[in-house]
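**Q** Below you'll find the structure I mean.
2 protein chains.
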Amino acid sequence: MNYLNNKELKDVKVISKSEYPSKSVPKAKITKDLSSLIKELGLNDGAVLSFHHHLRNGDKVLNLVMKEVQKAGIKGITLVASSLFPAHEELIPLLEDGTIENIVTSYISGGLGKAISHGKLKGHIIMQSHGGRARSILNEEIKIDAAFIASPSADKMGNISGVNGINSCGTLGYAIADGLKAKKVIAVTDSLLEYPNYPADITEDYVDHVLMVESIGLKEGIVSGTTKVTKDPIGLKIAKDTLKVMEATGLLKDGISFQSGAGGISLAVTSYLRDYMIENNIKGSFASGGITGYLTDMLEEGLFTSLFDVQCFDLKAIESLKKNPNHLRMSGSLYGNPEVSSVVDNLDIVILGATEIDTDFNVNVTTGSDGVLMGGSGGHQDTAAGSKVSIIVSKLFSSRIPFIKDRVDVITTPGSTIDILVTERGICVNPLRQDLIEKFNEANLKIVDIKELKEYAEKIMGEPKTIEKGERIIGLSEYRDGSIIDYIYEVKE
Amino acid sequence: MNYLNNKELKDVKVISKSEYPSKSVPKAKITKDLSSLIKELGLNDGAVLSFHHHLRNGDKVLNLVMKEVQKAGIKGITLVASSLFPAHEELIPLLEDGTIENIVTSYISGGLGKAISHGKLKGHIIMQSHGGRARSILNEEIKIDAAFIASPSADKMGNISGVNGINSCGTLGYAIADGLKAKKVIAVTDSLLEYPNYPADITEDYVDHVLMVESIGLKEGIVSGTTKVTKDPIGLKIAKDTLKVMEATGLLKDGISFQSGAGGISLAVTSYLRDYMIENNIKGSFASGGITGYLTDMLEEGLFTSLFDVQCFDLKAIESLKKNPNHLRMSGSLYGNPEVSSVVDNLDIVILGATEIDTDFNVNVTTGSDGVLMGGSGGHQDTAAGSKVSIIVSKLFSSRIPFIKDRVDVITTPGSTIDILVTERGICVNPLRQDLIEKFNEANLKIVDIKELKEYAEKIMGEPKTIEKGERIIGLSEYRDGSIIDYIYEVKE
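Chains as they are written, first to last, in the working numbering: chain L, 1 to 493; chain F, 494 to 986.
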C-alpha cells in the first residue's frame with residue numbers, strides 16, 4: 001500500500017477492463033497420492049517438517065509421511081514433532097540413513113528415544129516445553145516448511161476438526177502454531193466429511209492440501225496406562241498429604257485454578273481435591289492442560305466453571321469437548337508461550353511428576369535412571385513457572401532407583417520454579433519460598449530439608465550408581481524462553 | 494535455533510544456576526487512563542491505528558481514542574477502520590487539523606464520507622473489500638501499530654468475547670486479523686468480567702492492554718434501518734423474480750449455500766427462499782456473511798446446517814451465536830481473503846444490492862448519485878467473485894435517480910464477477926455467462942439486454958446529469974487482490 005505515501009494518486013495504475021478478474025473458484029486440495037504431494041511441495045534436503053501428537057501412541061501419520069520422504073530420497077530433515085511415542089520407533093532406520101538429521105520435540109518415549117540416546121541421530125535433538133515449542137514456531141525461530149497435520153476429520157477445503165471422524169482425538173492444541181506458520185499445511189485425514197466441517201480447530205484459510213489416507217491411526221492409542229488414579233496405598237498417602245499441602249497454601253478457595261498431570265498420583269490428588277471441594281462447597285475457576293475424564297466430571301459437577309484443554313487424555317474428555325461449551329480448546333501458545341500472556345500464568349496450583357529431583361529442586365523428566373531419553377518437559381516447565389505453587393508428587397522409594405540426587409541427570413525444569421516436593425517420607429519446600437514455609441509452619445505441617453531426605457533415602461538404598469555417559473553431546477534441554485538449561489549426552493549401549 | 498547447524502553442541506552456552514528463571518507472573522494489563530496508554534504505546538506521527546465496526550453506528554471507541562490521539566498532538570495517522578458510520582462524523586475536525594491523514598476502510602457513510610468527498614482529508618482514502626482488508630493486514634501490506642478493539646467484554650488478561658457484556662455485539666470477525674498482526678493490541682471494554690472470559694473471539698495471548706472505559710457504545714446501534722424485509726410491492730416483485738432466477742440456475746437443491754445482504758429486497762429474497770425450501774423439502778448447507786434473525790430462524794428450522802457469521806446484523810443473531818453451536822464465527826480472512834481458501838469460494842448464490850450498475854455490469858456501492866462517498870464494498874467484491882452465481886437486486890426506478898449507466902461513478906465490483914441483474918422491469922444476464930443464459934432460455938425465463946433496459950429507463954426518466962467532479966483524486970477503489978480498479982474524485986460542494 002505504498003500509494004498511501006504518493007502525493008498524487010493520478011500516477012497509480014488502474015487496471016483496465018481486459019485485466020478484470022474472473023470469478024474465483026475453490027482450489028482443488030484433495031489428493032490420495034502422498035508421493036506426488038511430496039514432489040509438489042518441493043521439499044529439499046534439510047527441510048523442516050512438523051507433526052502433532054494428539055493421537056499419541058495411536059498415531060500412524062508421522063511414520064507414513066516420513067517413510068515416503070525417505071523413499072523420495074530427501075535427506076537431512078529436521079523433524080519438529082510435538083511428541084514421539086513407542087509407535088514411532090519404525091523411524092530408527094531413517095535416523096541411520098540420514099533422512100532425519102535433527103529432532104525438535106517436547107517428549108519422546110520408546111525405542112526411538114533409546115536409539116537417539118545411543119547416538120543414532122546424526123544431528124541433534126532439542127527438547128522443548130509445549131509452550132517453548134509454540135514460542136519458537138510463532139516467533140519464527142523454527143521455520144516449518146510443511147506441517148503434516150493428522151486430522152480426525154477434514155472437508156475438501158481443509159477445515160480440520162478433532163472431534164469429528166472415526167479417529168476423533170479431541171482438541172488439536174499443539175498443531176495450531178504449525179497451522180498458523182508453516183509454509184505449507186497438509187491436513188492428513190481418514191475421514192473426509194461434508195463441507196463445512198466444524199467446529200474446526202484449524203480452518204481452511206490455513207490449509208493448502210488435504211491428503212486422504214487409509215488410516216491416521218487408532219484413537220484408542222491416546223489412552224496411556226498412566227491415566228488412572230493410582231491404587232497403590234503409598235501413592236494414595238502422597239496424594240492425601242498433597243491435599244494438606246494445598247490447603248495450607250491458602251489457595252483452596254472459591255476461584256481456584258488447577259492443573260495436574262495424568263500420572264496415577266497426580267490423578268489421585270485431583271480425586272481428593274474433588275471430594276474436598278464438594279465437602280467445603282468450593283467453586284473453582286478453571287482447570288487446564290491435558291484433560292481427563294476426572295476433570296470433565298468436575299466441570300459437570302460445577303466444581304470448575306471451565307476447562308482449558310490443550311490435549312485430550314482420554315475418550316471421556318473427547319466426548320465432553322464435543323458437547324460441553326465450557327470445555328474450551330486452547331492452543332499450545334495460549335497454554336504456555338512465555339512470550340505472550342498465557343493460561344499457565346493464571347494457574348494457582350499445578351501437580352507434577354518427576355523422574356528425579358535434586359537438592360536444588362531441579363527436576364528431570366527427560367531421561368531415565370539409565371540416562372536414556374524417555375520423556376520430556378511437555379507442559380512441565382511452563383506450568384512450574386506460571387503457577388503460584390508447583391508441587392512435585394513422587395514416591396521416594398520406587399523400584400530401587402534413587403529419586404533425590406545432588407544433580408539430576410538432565411535438568412528439564414529449573415529448581416527456581418519448583419516450590420514443593422511431596423513424598424511418602426516427607427514434604428520439602430524450596431528455600432526460595434519462605435512465604436510457603438511460614439504458612440506451613442502456621443498450619444503445623446512438617447517440612448523436611450530436601451538434603452536430609454536425600455541422605456535418609458541413601459542410607460536405605462545406598463548411593464546411586466553413576467550413569468555411564470559417552471563423550472558426545474547429542475542434544476540440548478531448552479528452557480521455554482529459548483535459553484539452554486542442560487546438555488543431553490550419549491549413553492553407552 | 495541456530496545450534497541445529499552446529500556440528501558440536503559443547504560450545505552452546507548453558508545458563509548457570511544464577512541465571513535460572515524466576516516464577517513468571519501475569520503481566521498487569523488493565524488501565525483506565527487512555528492518555529497514559531497512548532504515551533506508553535509510543536505512537537509517532539504517521540502511526541497506523543486500526544478499529545473494527547461490529548458496533549456499527551453504536552460505536553463510541555473510535556471517536557474516543559482518536560480524540561485522545563489528537564490531544565496528544567500526534568499527526569498523520571493512517572486510520573484503518575473496517576467501516577465508518579454517521580456516529581464517526583465527530584472526527585471531521587481531525588481530518589482538518591491533520592491528526593488523521595489517510596483512511597483505509599471497507600464502508601463509509603454519513604458526514605465523514607461527505608467531508609472526505611469534499612476534500613477534507615489531507616491524504617487519501619483507500620476503499621477495500623472485507624476480504625481485501627484481511628488480506629492486506631495478514632500479508633503485512635498494511636502494518637498496524639496499534640489495534641484498538643472495541644470489546645463487549647474482556648477479562649484482566651484480555652480474553653475478549655463478543656457475546657458477553659452489556660454491549661454484546663456478537664462475532665468480532667473483522668477484528669481477528671488486527672488481533673493477529675498489530676504490533677500492540679488493546680482491548681477497549683466497558684465490561685470487565687471474571688477470568689477466564691469465554692468463548693473468546695480473541696484470546697489473551699494476542700492482547701497487550703485492557704483499557705477500561707465508561708462505554709464502548711450502544712449495541713442497539715448495530716441495527717440499521719435496512720435490516721428488515723421490504724414491504725414495498727415493487728421490491729417484493731423483484732424478490733419473487735429473483736427466486737425464479739435462482740430456481741432456473743439449478744442451484745436450489747439440497748446442499749445449497751447462500752448469502753444475502755441485509756437490504757430490504759435481499760431479505761425478501763431470503764424470506765421467499767425459506768418458503769421455497771420448506772415447500773420443496775430442501776436442506777441447505779451453509780449461509781454466510783453478516784447474519785440476521787431471518788437466517789438464524791432458518792438454521793433452527795434445519796434449512797441450513799450451519800451459519801458462517803462474520804458480523805451480527807441484529808440482536809437475534811447475537812442470541813443465536815451465544816447458544817447455537819451450529820452458528821459459527823468466521824474471521825474476515827476465512828470469509829473472503831483472496832490469497833487463501835475462503836468461504837465465499839464455496840458459495841452457490843449471493844444476493845447483492847447496488848447503487849448503480851453499468852452496461853458492463855460494473856457495480857458502484859461506494860458513492861451516491863451525487864458522487865459522494867456513502868458506502869463501500871464490504872463483502873460485495875468478495876462474494877461476487879467467489880459465488881457460483883451473483884445476483885444484483887434493485888429497483889430500476891427509485892427516487893428519480895438513474896440506476897443503469899454507461900459507466901458507474903466508481904467501480905466497486907468489476908462486472909466480470911457480476912452475473913445477473915434483477916429489476917422490476919426485467920432480468921439481465923452478463924454475456925460472460927452463456928451457461929446461465931442457456932439455462933434461463935430452457936426455463937422460459939425472459940432475459941433483457943442491459944443496454945436495452947438502460948435505454949428504456951432513460952426514455953422515461955431522461956438522461957442522467959453528470960456529477961460535477963473536482964480535479965483532485967482523493968482516493969482509490971481497491972480490488973480484493975490489491976489491484977486498483979478505480980479512482981475516487983473530489984466532489985464540489
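Just so you know, even glycine gets a beta-carbon here, dropped at the ideal spot from N, CA and C.
Bear in mind the structure is a predicted one, so any value in this text is a computation, not a measurement.
(1) Is F/Met494 close to chain L, meaning its C-beta is less than 9 Å from at least one C-beta of that chain?
(2) With a floor of 4 residues, list each alpha helix (DSSP H) that falls wholly inside the segment 379-423 of chain L, ordered by position along the chain.
(3) Terminal residues of the continuous beta strand (DSSP E) containing L/Gln434?
(4) Measure the Cβ-Cβ separation of L/Ile392 and L/Val269 and say whether it is below 9 Å.
(5) List the DSSP bridge partners of L/Gly293.
(6) Say whether chain F places a C-beta atom closer than 9 Å to the C-beta of L/Gly386.
(7) Considering only the beta carbon of each residue, do L/Asp345 and F/Pro519 sit closer than 9 Å?
(8) Tell me the rounded alpha-carbon separation between L/Ser106 and L/Gly378.
(9) Against chain L, with Cβ distances strictly below 9 Å, would F/Phe801 count as a contact?
(10) Distance, Cα to Cα, F/His820 vs F/Tyr667?
(11) Given that F/Pro519 touches chain L, what residues does it touch there, using C-beta distances under 7 Å?
(12) When burial is assigned at 16 or more other CB atoms within 10 Å of the CB, is L/Ile460 buried or exposed?
(13) Using a Cβ cut-off of 9 Å (strictly closer), state whether L/Met277 contacts chain F.
(14) In angstroms with no decimal places, state the Cα-to-Cα distance between L/Leu236 and L/Thr230.
(15) Please confirm if F/Lys677 has its CB atom under 9 Å from at least one CB of chain L.
(16) Taking only the alpha-carbon atoms, compute the straight-line gap between L/Met330 and F/Val984 and give it to the nearest angstrom.
(17) Could you run through the segment 347-365 of chain L and flag, in chain order, every residue whose CB is less than 8 Å away from some CB of chain F?
(18) DSSP has L/Phe258 in a bridge; who is on the other side?
(19) Once the 5 residues before and after L/Gly426 are set aside, which same chain residues still bring their CB inside 6 Å of it?
(20) Name the one or two DSSP bridge partners that L/Phe148 has.
(21) Since L/Ala182 contacts L/Val207 with CB under 8 Å, what's their CB separation in whole angstroms?
(22) Can you pull the chain L residues whose beta carbon is under 9 Å from the beta carbon of F/Thr524, in chain order?
(23) Can you list, in chain order, the residues of its chain whose CB lies under 6 Å from that of F/Thr696, leaving out five sequence neighbours each side?
(24) What three-state label does DSSP hand F/Gln621 in the structure shown?
(25) Would you call the CB atoms of F/Val573 and F/Arg626 closer than 9 Å?
(26) Measuring straight from C-alpha to C-alpha, what distance separates L/Thr305 and F/Ser799?
(27) Name the DSSP bridge partner or partners of L/Val210?
(28) Check whether the segment 762-780 of chain F and the segment 923-936 of chain F touch, using three or more Cβ-Cβ pairs below 8 Å as the test.
(29) Quick check on L/Leu112 - is its C-beta less than 9 Å from some C-beta in chain F?
(30) Which residues of chain F have a Cβ atom closer than 9 Å to the Cβ of L/Gly416, listed in chain order?
(31) For my contact list, L/Pro152 and L/Ser191 are in at a C-beta cut-off of 8 Å; report their separation, rounded to the angstrom.
(32) Look at the alpha carbon of F/Gly606 and the alpha carbon of F/Ile619, and state the distance between them as a whole number of angstroms.
(33) State the Cα-Cα distance for the pair L/Ser320 and F/Leu588, rounded to the nearest angstrom.
(34) Within 9 Å (strictly less), CB to CB, does L/Ser168 reach chain F?
(35) Run down chain F in chain order and give the residues with a C-beta less than 8 Å from the C-beta of L/Ser333.
(36) From L/Val310 to L/Glu220, what distance separates their C-alpha atoms?
**A** To lay it out plainly:
(1) Taking the first residue of the second sequence as 1, we reach residue 494 of chain F at position 1. Cβ-Cβ to chain L under 9 Å: yes for F/Met494.
(2) 380-386
(3) Walking along the first sequence from the start, residue 434 of chain L turns up at place 434. Per DSSP, L/Gln434 belongs to no beta strand (DSSP E); it is in the alpha helix (DSSP H), 434-442.
(4) Here the question's residue 392 of chain L lines up with position 392 in the first sequence. Here the question's residue 269 of chain L lines up with position 269 in the first sequence. No. Outside cutoff.
(5) Residue mapping note: residue 293 of chain L aligns to position 293 of the first sequence, counting from 1. Per DSSP, none; premise fails for L/Gly293.
(6) Taking the first sequence and counting its residues from 1, the one referred to as residue 386 of chain L is at position 386. Yes, its Cβ sits closer than 9 Å to a Cβ of chain F.
(7) Numbered from 1 along the first sequence, position 345 holds the residue referred to as residue 345 of chain L. Numbered from 1 along the second sequence, position 26 holds the residue referred to as residue 519 of chain F. Yes, the pair counts as a contact, with Cβ atoms nearer than the cut-off.
(8) Residue mapping note: residue 106 of chain L aligns to position 106 of the first sequence, counting from 1. Residue mapping note: residue 378 of chain L aligns to position 378 of the first sequence, counting from 1. Taking the straight line joining both Cα atoms gives about 5 Å.
(9) Taking the first residue of the second sequence as 1, we reach residue 801 of chain F at position 308. Yes, because at least one Cβ of chain L sits closer than 9 Å to the Cβ of F/Phe801.
(10) Against the second sequence, residue 820 of chain F aligns to sequence position 327. Against the second sequence, residue 667 of chain F aligns to sequence position 174. C-alpha separation (whole angstroms): 17 Å.
(11) One-based indexing of the second sequence puts residue 519 of chain F at position 26. Ordered by position in chain L, the residues that pass the 7 Å Cβ test against F/Pro519 are Ser341, Asp345, Asn346.
(12) Start at 1 with the first residue of the first sequence, and residue 460 of chain L comes out as number 460. Answer is exposed; the Cβ neighbour count stays below 16.
(13) Your numbering for residue 277 of chain L matches position 277 in the first sequence. So, not an interface residue.
(14) Start at 1 with the first residue of the first sequence, and residue 236 of chain L comes out as number 236. Start at 1 with the first residue of the first sequence, and residue 230 of chain L comes out as number 230. L/Leu236 and L/Thr230: Cα-Cα distance of roughly 7 Å.
(15) Translated into the one-based positions of the second sequence, residue 677 of chain F becomes position 184. Cβ-Cβ to chain L under 9 Å: no for F/Lys677.
(16) Locating residue 330 of chain L in the first sequence gives position 330, where the first residue counts as 1. Locating residue 984 of chain F in the second sequence gives position 491, where the first residue counts as 1. Taking the straight line joining both Cα atoms gives about 51 Å.
(17) Asp360
(18) Here the question's residue 258 of chain L lines up with position 258 in the first sequence. For L/Phe258, which the question treats as bridged, DSSP gives the partners L/Ala287, L/Ile349.
(19) On the first sequence, position 426 is the one that residue 426 of chain L refers to. Result list for L/Gly426: Val448, Leu453, in chain order.
(20) Taking the first residue of the first sequence as position 1, residue 148 of chain L is located at position 148. Paired residue(s): L/Ile186.
(21) As a position in the first sequence, residue 182 of chain L is number 182, starting the count at 1. As a position in the first sequence, residue 207 of chain L is number 207, starting the count at 1. Not a contact, Cβ separation roughly 10 Å.
(22) Here residue 524 of chain F corresponds to residue number 31 of the second sequence, with the count starting at 1. By Cβ distance, chain L contributes nothing, its closest Cβ being about 15 Å from F/Thr524, past 9 Å.
(23) For the purposes of this step, residue 696 of chain F is taken as the residue at position 203 of the second sequence. Only Asn652 meet the Cβ criterion.
(24) Walking along the second sequence from the start, residue 621 of chain F turns up at place 128. F/Gln621: coil per DSSP, three-state reduction.
(25) Locating residue 573 of chain F in the second sequence gives position 80, counting from the first residue. Locating residue 626 of chain F in the second sequence gives position 133, counting from the first residue. Yes, the Cβ-Cβ distance between F/Val573 and F/Arg626 is below 9 Å.
(26) In the first sequence, residue 305 of chain L corresponds to position 305, counting from 1. In the second sequence, residue 799 of chain F corresponds to position 306, counting from 1. Whole-angstrom Cα-Cα distance: 27 Å.
(27) Translated into positions along the first sequence, residue 210 of chain L becomes position 210. According to DSSP, which records beta bridges pairwise, L/Val210 is partnered with L/Ile30, L/Ala187.
(28) no
(29) For this step, residue 112 of chain L is matched to residue 112 along the first sequence. No - not a single Cβ of chain F is within 9 Å of the one on L/Leu112.
(30) Residue numbering aside, residue 416 of chain L sits at position 416 when the first sequence is read from its first letter. Looking at the sequence shown, residue 416 of chain L is not Gly but Ser. The contacting residues are Lys510, Tyr513, Pro514, Ser515, Lys516.
(31) Position 152 of the first sequence, counting from 1, holds the residue named residue 152 of chain L. Position 191 of the first sequence, counting from 1, holds the residue named residue 191 of chain L. Indeed they touch by this definition, with Cβ atoms about 6 Å apart.
(32) Stepping through the second sequence from its first residue, residue 606 of chain F is reached at position 113. Stepping through the second sequence from its first residue, residue 619 of chain F is reached at position 126. Their Cα atoms are separated by approximately 12 Å.
(33) Within the first sequence, residue 320 of chain L is the residue found at index 320, counting from 1. Within the second sequence, residue 588 of chain F is the residue found at index 95, counting from 1. Each residue's alpha carbon lies about 53 Å from the other.
(34) Along the first sequence, one-based indexing puts residue 168 of chain L at 168. Output row for L/Ser168: interface = no.
(35) Numbered from its first residue, the first sequence carries residue 333 of chain L at position 333. Correct list: Asp698.
(36) Along the first sequence, one-based indexing puts residue 310 of chain L at 310. Along the first sequence, one-based indexing puts residue 220 of chain L at 220. The alpha-carbon atoms of L/Val310 and L/Glu220 are separated by roughly 18 Å.
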